[in-house]
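Residues 1 to 188 in full-length UniProt numbering are what the sequence shown lists, from first letter to last.
Data first, discussion second: the structure below is written as structure tokens.
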Amino acid sequence: MKIYTKTGDKGTTKLVDGSCVEKFNPRVEAYGCVDELNSALGVTKNYLLNEDSSVHEIAEHIEVIQSQLFSVGSLLATASADVFAKLPQITDTHITQLEKWVDHYTEPLPALKNFILPGGSQSAAFLHICRTSCRRAERRSSEILLAEQHYEKVLIYLNRLSDLLFTWSRWVNFKHGQTEIIWKKENV
């Protein structure tokens, strides 16, 4: 099987439901952002595994999330409610797991009283990049999801995931003894 199909050579692409749309369609933009997030998570996972073992557990969680993001992408890549219903779904269980991880990894952290600047260790900085990528995917997804209620869980999932990525960036810096840099308003 060849990797190229030539079906997109004229600026269109097929969705999961078989419909054909322009490559600049908001739906294509949304699942493209999810794909970018998934790739950034893959890079971040490698950085985590190359750091000390105190942060390796997050890499295992990232692999679970990457599989779930494939489901998110496929759901975003269909305009048909009938086809949507037949695809692997994002459920309350997935969302609850993200919330449990946020709570677990927030527990040892100092209370956050100010905005912090993204950065710290390499893996924490990459987690911040993943967070902002996730926020972009959430924004792009909301363009299509707000009109279609059956997509509600996808939007909730992306929102919780961005919270988790922020929490993980703080936790990784905490584990590495990195001091969080507070936003200094006077520097503006």
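We put the CB at the ideal spot given by N, CA and C, even for glycine.
Quick caveat, the model's predicted, so the values are computed rather than measured.
Item to complete: Check whether the region 55-62 touches the region 13-25, taking contact to mean three or more Cβ pairs, one atom from each stretch, closer than 8 Å.
Response: no
Worksheet item: Skipping 5 residues on each side, what residues in its chain have a beta carbon closer than 7 Å to that of Ile182?
Response: Asn114 and Ile116
Worksheet item: Counting along the chain, where does the alpha helix (DSSP H) carrying Val72 start and finish?
Response: His56 to Leu76
Worksheet item: For the region 100-108 against the region 26-37, are there 3 or more C-beta pairs whose distance is under 8 Å?
Response: no
Worksheet item: Could one say the Cβ of Lys175 lies closer than 8 Å to chain D's Cβ atoms, at least one of them?
Response: The structure shown has no chain D; it contains just one protein chain.
Worksheet item: Using the rule of at least 16 other Cβ atoms within 10 Å of the residue's Cβ for burial, across every protein chain shown, is Tyr4 buried or exposed?
Response: exposed
Discussion item. Looking only at its chain, what residues have a beta carbon closer than 6 Å to the beta carbon of Lys23, apart from the 5 residues adjacent to it on each side?
Written reply: Gly11 and Thr13
Worksheet entry | Secondary structure of Ile182, DSSP reduced to three states | strand
Worksheet entry | Meets three-Cβ-pair contact criterion under 8 Å: the region 119-130 and the region 87-103 | no
Worksheet item: Using DSSP with H/G/I as helix, E/B as strand and the rest coil, what is Val21?
Response: strand
Item to complete: Would you mind listing the alpha helix (DSSP H) stretches within the region 103-180 that are 4+ residues and don't spill past its ends, in chain order?
Response: 122-145 and 152-175
Worksheet item: What residues in its chain sit with their C-beta under 7 Å from that of Cys134, if we drop five residues either side in the sequence?
Response: Leu37, Leu158, Leu161, Ser162 and Leu165
Practice prompt. Helix, strand or coil for Lys10, going by three-state DSSP, please let me know.
Written response: coil
Worksheet item: So, helix, strand or coil for Glu51, using DSSP?
Response: coil
Discussion item. For Lys2, report the span of its alpha helix (DSSP H) as first-last.
Written reply: Counting along the chain, Lys2 falls outside any alpha helix (DSSP H), and DSSP gives it neither H nor E.
Item to complete: Grab the span of the alpha helix (DSSP H) containing Val83 for me, first residue to last.
Response: Ala81 to Lys86
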